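Visitor: The structure that follows is given in the form of structure tokens.
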Amino acid sequence: TQRPCANGLALLMHTAPSSQASASRESDLHILKVSTESKNLALGNAVHARLIKTSQFDVVQSNHLVGLYCKCDRLSAARQLFDEMPERNGVSCNLLMAGYLHGGFPTQALSVFKLMSFGELLFHPNEYVFATTLASCADISALDEGRQCHAYVLKSGLVSHSYVRNALLHMYTKCLDMEYALGVFWGGSDFDLFAFNSVINGFLDNGQQSEAKNILSRMVKEIAQWDHVSYVSVLGLCADSKDPKFGGQIHGQILRRGMEYNDFVCSAIVDMYGKCSDVQNAVLAFHELPGKNVVSWTAVMASCTQNGHFEESLKLFIQMADDGVRANGLTYAVALNSCAGLSALRSGDALNGHAEKTGCKSYLSVGNALINMYSKSGSIDDATKAFTSMLNRDIISWNSIINAYSHFGFAKGALETFHNMLAEEETPTYVTFIGVLSACAHLGLVDEGFYYLNHLMRELGIEPGKEHYTCMVGLLCRAGRLDEADRFMRDTRTEWDIVARRTLLSACQVHGNHGLGYKVAEHILQLDPDDVGTYISLSNMYSKARRWDGVVKVRKLMRQRDIKKEPGVSWIQIRNETHVFVSEDKKHPWMDQITEKVAELITEIKLIGYVPNIACASHDVEDEQKEEYLRYHSEKLAIAFGVIHMPPGAAIYIMKNLRMCDDCHVAVKLISIVTNRKLVVRDANRFHCFESGCCSCDDYW
Numbered sequence: 000t001q002r003p004c005a006n007g008l009a010l011l012m013h014t015a016p017s018s019q020a021s022a023s024r025e026s027d028l029h030i031l032k033v034s035t036e037s038k039n040l041a042l043g044n045a046v047h048a049r050l051i052k053t054s055q056f057d058v059v060q061s062n063h064l065v066g067l068y069c070k071c072d073r074l075s076a077a078r079q080l081f082d083e084m085p086e087r088n089g090v091s092c093n094l095l096m097a098g099y100l101h102g103g104f105p106t107q108a109l110s111v112f113k114l115m116s117f118g119e120l121l122f123h124p125n126e127y128v129f130a131t132t133l134a135s136c137a138d139i140s141a142l143d144e145g146r147q148c149h150a151y152v153l154k155s156g157l158v159s160h161s162y163v164r165n166a167l168l169h170m171y172t173k174c175l176d177m178e179y180a181l182g183v184f185w186g187g188s189d190f191d192l193f194a195f196n197s198v199i200n201g202f203l204d205n206g207q208q209s210e211a212k213n214i215l216s217r218m219v220k221e222i223a224q225w226d227h228v229s230y231v232s233v234l235g236l237c238a239d240s241k242d243p244k245f246g247g248q249i250h251g252q253i254l255r256r257g258m259e260y261n262d263f264v265c266s267a268i269v270d271m272y273g274k275c276s277d278v279q280n281a282v283l284a285f286h287e288l289p290g291k292n293v294v295s296w297t298a299v300m301a302s303c304t305q306n307g308h309f310e311e312s313l314k315l316f317i318q319m320a321d322d323g324v325r326a327n328g329l330t331y332a333v334a335l336n337s338c339a340g341l342s343a344l345r346s347g348d349a350l351n352g353h354a355e356k357t358g359c360k361s362y363l364s365v366g367n368a369l370i371n372m373y374s375k376s377g378s379i380d381d382a383t384k385a386f387t388s389m390l391n392r393d394i395i396s397w398n399s400i401i402n403a404y405s406h407f408g409f410a411k412g413a414l415e416t417f418h419n420m421l422a423e424e425e426t427p428t429y430v431t432f433i434g435v436l437s438a439c440a441h442l443g444l445v446d447e448g449f450y451y452l453n454h455l456m457r458e459l460g461i462e463p464g465k466e467h468y469t470c471m472v473g474l475l476c477r478a479g480r481l482d483e484a485d486r487f488m489r490d491t492r493t494e495w496d497i498v499a500r501r502t503l504l505s506a507c508q509v510h511g512n513h514g515l516g517y518k519v520a521e522h523i524l525q526l527d528p529d530d531v532g533t534y535i536s537l538s539n540m541y542s543k544a545r546r547w548d549g550v551v552k553v554r555k556l557m558r559q560r561d562i563k564k565e566p567g568v569s570w571i572q573i574r575n576e577t578h579v580f581v582s583e584d585k586k587h588p589w590m591d592q593i594t595e596k597v598a599e600l601i602t603e604i605k606l607i608g609y610v611p612n613i614a615c616a617s618h619d620v621e622d623e624q625k626e627e628y629l630r631y632h633s634e635k636l637a638i639a640f641g642v643i644h645m646p647p648g649a650a651i652y653i654m655k656n657l658r659m660c661d662d663c664h665v666a667v668k669l670i671s672i673v674t675n676r677k678l679v680v681r682d683a684n685r686f687h688c689f690e691s692g693c694c695s696c697d698d699y700w
């Protein structure tokens with residue numbers, strides 16, 4: 000290395016101090032700029048330390064340091080420096096506000112704006128400050144503060160700036176104030192893509208599809224080139240309006256324009272087909288994606304789950320794992336909901352353990368999905384554990400466990416949980432009261448049920464729907480007030496469906512009010528001549544009354560109308576294999592052992608009081624033969640198979656497509672005693688949890 004000449008050294012020594020300081024300042028600013036862009040906190044700290052030592056601060060250098068600390072997520076250091084600055088300007092405020100906003104603290108960003116505009120600083124905000132402030136209001140849905148800021152913008156004359164106008168649009172749409180959003184939108188002289196995207200998304204979030212379509216029509220005329228956000232918005236509109244034809248056209252446009260896929264567009268395409276019930280195209284679109292990640296895998300799984308293709312969804316989950324893609328919380332939630340649809344308790348258990356191992360179990364969506372999976376798979380105890388172990392809960396969590404308790408017949412638990420929810424100041428929703436009224440129906444709490452329906456729901460601004468009214472019919476039926484239930488249906492103005500009328504018909508069958516039952520059945524068949532369940536209930540009522548001529552008449556009518564009685568089918572999962580049993584079907588490979596076990600169980604329960612209820616056998620044959628028919632009801636076969644293959648004392652979970660008959664209900668209660676097991680049967684109506692000779696439905700089915 001050459002030594003500098005003497006003249007050069009002299010020149011350096013005699014350089015004006017002001018020139019050296021200026022060069023040093025420019026160097027510091029350059030280093031701080033590079034440090035901020037690269038998030039090199041150590042280099043920035045070194046500059047900060049030197050500036051403190053030399054006491055050569057100015058507002059520009061300080062602003063660069065505030066920006067650096069915000070970019071490196073050192074917000075406390077940024078605020079401390081901001082507070083200690085002897086001189087501040089609008090840039091200082093905006094840098095700190097932006098740091099708070101992007102760091103997830105929009106409330107603190109608004110506090111800086113208030114300090115700047117109305118407090119001790121009193122700077123005139125510029126367009127950048129207003130944009131940051133409005134974005135902060137949007138983040139926390141602070142509509143009042145957003146309107147105040149809007150007034151300030153108008154007073155400042157900055158509303159003409161496109162990014163201020165877009166920030167206003169974004170704020171109003173996020174706060175779901177579409178009237179003000181449209182005022183801002185139509186008040187502008189020009190329209191850019193961001194403005195159209197904001198308004199369309201706002202209408203979609205507000206459930207106003209027709210208004211979104213109107214704005215879309217204008218966007219088609221005004222904007223030639225769309226971006227990813229536009230396509231995601233429009234695909235979302237197609238999904239919400241269930242318009243697969245338009246969605247397919249948008250998909251085709253994306254392909255024709257050769258637009259580069261990103262995660263959001265890919266997921267939107269798959270989601271659109273799924274919500275339009277076109278699972279085949281959803282899966283096809285997924286497989287055609289050039290790159291697949293957890294977002295696209297989750298979207299295609301959700302499409303399958305939403306349309307009842309639960310097994311396909313779980314297969315995709317396994318394929319995703321085989322491809323080395325790590326599941327996230329939403330992926331586990333979708334997979335668990337698929338297990339719920341299949342009542343696949345063991346698969347759900349495995350997913351629960353896997354989610355816990357990967358750290359995803361703590362997510363709110365996973366906790367809610369666990370409650371759903373366990374409750375629909377017959378394990379109310381595990382559903383309760385999932386609920387109580389959640390660190391955070393939302394209204395979905397509360398609704399899920401309340402409705403689970405009601406569905407299992409644990410009505411007291413449902414009402415107790417409802418009161419706990421109110422104590423935690425969680426506001427009930429439409430769905431909440433379905434579970435609450437169902438619990439009242441189970442306990443026969445007529446006065447309480449009408450209080451919730453006519454007073455509490457009204458106070459909360461919840462308009463009762465047919466589901467709530469159907470619960471009230473069930474409540475009156477449970478209390479044995481069948482004529483009152485009939486009158487309630489005639490006097491209440493709502494669009495009654497078959498479910499409510501079936502509830503009354505079933506109650507007539509339970510309470511032996513065959514006269515009203517015949518009338519209700521006749522009314523149902525006038526509305527729906529092909530309702531198989533009504534023919535069966537009518538036939539059962541004739542059978543219980545030993546009116547075999549009526550049974551023959553119903554069967555003849557079914558033959559004339561080509562209506563076939565659905566056979567009773569029960570299934571049980573043993574070691575990840577599902578075994579299906581059909582009533583009176585003797586083709587199962589284990590049938591000899593099953594028949595022997597059924598006979599053994601029947602003999603044991605007869606010793607403690609079981610008497611076959613031959614009225615449940617809808618066959619005009621001798622009593623001995625009727626008793627034989629009852630032995631081969633599908634749930635008895637499935638339970639016997641479970642007793643053979645499950646360890647002693649282990650719970651047995653059975654699913655059935657139809658409602659349990661009276662005889663099977665009594666028999667299974669007693670079988671729970673002689674086998675010392677918990678037996679859970681999910682039939683067409685509800686879960687029955689049999690334990691120690693009792694059923695969770697309190698013998699009302």
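Okay, so the sequence shown: first residue is 0 according to this note's numbering, each after it adds one. C-beta atoms are modelled at their ideal positions from N, C-alpha and C, and glycine is treated no differently. This structure is a prediction, so every number in the text was calculated from the model and none was measured.
With distances taken from CA atoms, which of Glu210, Gly358, Phe193 is nearest Tyr230?
Guide: If we check each option's Cα against that of Tyr230, Phe193 comes out closest.
Visitor: Please classify Glu144 as buried or exposed, where buried requires at least 16 neighbouring CB atoms within 10 angstroms.
Guide: Label assigned to Glu144: buried.
Visitor: Are the Cβ atoms of His353 and Ser405 separated by less than 8 Å?
Guide: Against a cut-off of 8 Å, the Cβ pair of Ser405 and His353 comes out as no contact.
Visitor: Gly323 and Leu344: beta carbons closer than 8 Å?
Guide: Against a cut-off of 8 Å, the Cβ pair of Leu344 and Gly323 comes out as no contact.
Visitor: Nearest to Asp262 by alpha carbon, out of Asn575, Gly460, Asn213, Val293?
Guide: When only C-alpha atoms are compared, the closest one is Val293.
Visitor: How big is the Cα-Cα spacing for Ile643 and Cys615?
Guide: Cα to Cα, Ile643 sits roughly 26 Å from Cys615.
Visitor: Would Val472 pass as a contact of Thr502 if the rule is Cβ separation under 8 Å?
Guide: Their beta carbons are under 8 Å apart, which means Val472 touches Thr502 by this criterion.
Visitor: For Ala520, verify whether its CB is less than 7 Å away from any heavy atom of the ligand NAP.
Guide: Summarising the ligand content, the structure contains no ligands, and the ligand NAP is consequently not present.
Visitor: Would you kindly report the start and end of the unbroken beta strand (DSSP E) that includes Ser361?
Guide: Run containing Ser361: none; DSSP gives neither H nor E here.
Visitor: Going by the beta-carbon positions, is the gap between Phe686 and Lys668 smaller than 8 Å?
Guide: It is not a contact, given that the beta carbons lie outside the stated cut-off.
Visitor: Enumerate in chain order the residues of its own chain whose CB-to-CB distance from Tyr99 is below 6 Å, with the five nearest sequence positions on each side excluded.
Guide: Correct list, in chain order: Gln107, Ala108.
Visitor: By the 10 Å Cβ neighbour count, where 16 or more other Cβ atoms means buried, how is Leu474 classified, buried or exposed?
Guide: With 16 or more other Cβ atoms within 10 Å, it is buried.
Visitor: Give the list of continuous alpha helix (DSSP H) stretches no shorter than 4 residues that lie fully inside the segment 462-510.
Guide: Runs found: 465-477, 481-490, 497-510.
Visitor: So, with DSSP's three-state summary, where would you put Lys241?
Guide: It is coil, neither helix nor strand.
Visitor: Pick out the complete alpha helix (DSSP H) segments inside the segment 527-609, 4 residues or longer, and give them in chain order.
Guide: 531-543, 547-559, 590-605, all fully within the segment 527-609.
Visitor: From what residue to what residue does the alpha helix (DSSP H) around Phe386 run?
Guide: First-last of the alpha helix (DSSP H) with Phe386: 379-387.
Visitor: Between Ile573 and the rest of its own chain, which residues show a CB-CB distance below 6 Å, the 5 nearest in sequence each way excluded?
Guide: So the qualifying residues of the chain are His644.
Visitor: Mind checking Pro85: buried by the 16 CB within 10 Å criterion, or exposed?
Guide: Label assigned to Pro85: exposed.
Visitor: Verify whether the separation of the beta carbon atoms of Ala334 and Ser312 is less than 8 Å.
Guide: Yes, these two residues count as a Cβ contact at 8 Å.
Visitor: Among all the DSSP beta bridges, which residues are the ones paired with Phe686?
Guide: Phe686 is bridged to Arg681.
Visitor: I need the boundaries of the alpha helix (DSSP H) containing Tyr331, first residue and last residue.
Guide: Its alpha helix (DSSP H) spans residues 328-341.
Visitor: Using 10 angstroms around the beta-carbon of Asn391, count the other beta-carbons present and answer buried if the total reaches 16, otherwise exposed.
Guide: Per the 10 Å Cβ criterion, exposed.
Visitor: On the CB-based measure, 16 or more other CB atoms within 10 Å of its CB, does Met400 come out buried or exposed?
Guide: Reading off the sequence shown, one finds Ile at residue 400, where the question assumed Met. Answer is buried; the Cβ neighbour count reaches 16.
Visitor: Can you tell me the Cα-Cα spacing of Glu466 and Trp397, whole angstroms?
Guide: In a straight line, the C-alpha of Glu466 is about 18 Å away from that of Trp397.
Visitor: Would you mind sorting Thr304 into buried or exposed? The rule is 16 or more other CB atoms within 10 Å of its CB.
Guide: Buried, by the Cβ-count rule.
Visitor: Rounded to a whole number of angstroms, what is the C-alpha to C-alpha distance between Lys212 and Asp204?
Guide: Cα-Cα distance, rounded: 13 Å.
Visitor: Quick one: is Cys69 near chain D, going by C-beta distance under 8 Å?
Guide: Checking the listed chains, one finds no chain D in this structure; it contains a single protein chain.
Visitor: Please list the terminal residues of the continuous beta strand (DSSP E) segment that includes Lys212.
Guide: Not the beta strand (DSSP E): Lys212 falls in the alpha helix (DSSP H), residues 208-221.
Visitor: Should Gln508 go down as buried or exposed, given a rule of 16 or more other Cβ atoms within 10 Å for buried?
Guide: Answer is buried; the Cβ neighbour count reaches 16.
Visitor: To the nearest angstrom, report how far apart Gly532 and Ala137 are at their CA atoms.
Guide: Roughly 52 Å separates the two Cα atoms.
Visitor: Count the other CB atoms within 10 Å of the CB of Glu259; is the residue buried (16 or more) or exposed (fewer)?
Guide: It counts as exposed.
Visitor: Could you name the residues of the same chain whose beta carbon sits closer than 6 Å to that of Arg87, not counting the 5 residues immediately before and after it, in chain order?
Guide: Taken in chain order, the list of residues that qualify is empty.
Visitor: Hey, Pro611 and Asp530: beta-carbon distance below 8 Å or not?
Guide: Cβ distance not < 8 Å, so Pro611 and Asp530 don't count as in contact.
Visitor: Give every residue of the same chain whose Cβ lies closer than 8 Å to the Cβ of Arg560, excluding the five residues on either side of it in the sequence, and list them in chain order.
Guide: The residues are Pro528, Asp529.
Visitor: Considering only C-alpha positions, which residue in the set Val445, Arg500, Tyr451 is nearest to Arg480?
Guide: Here the closest residue by C-alpha is Val445.
Visitor: With 16 as the cutoff for other CB atoms within 10 Å, does Glu634 come out buried or exposed?
Guide: With 16 or more other Cβ atoms within 10 Å, it is buried.
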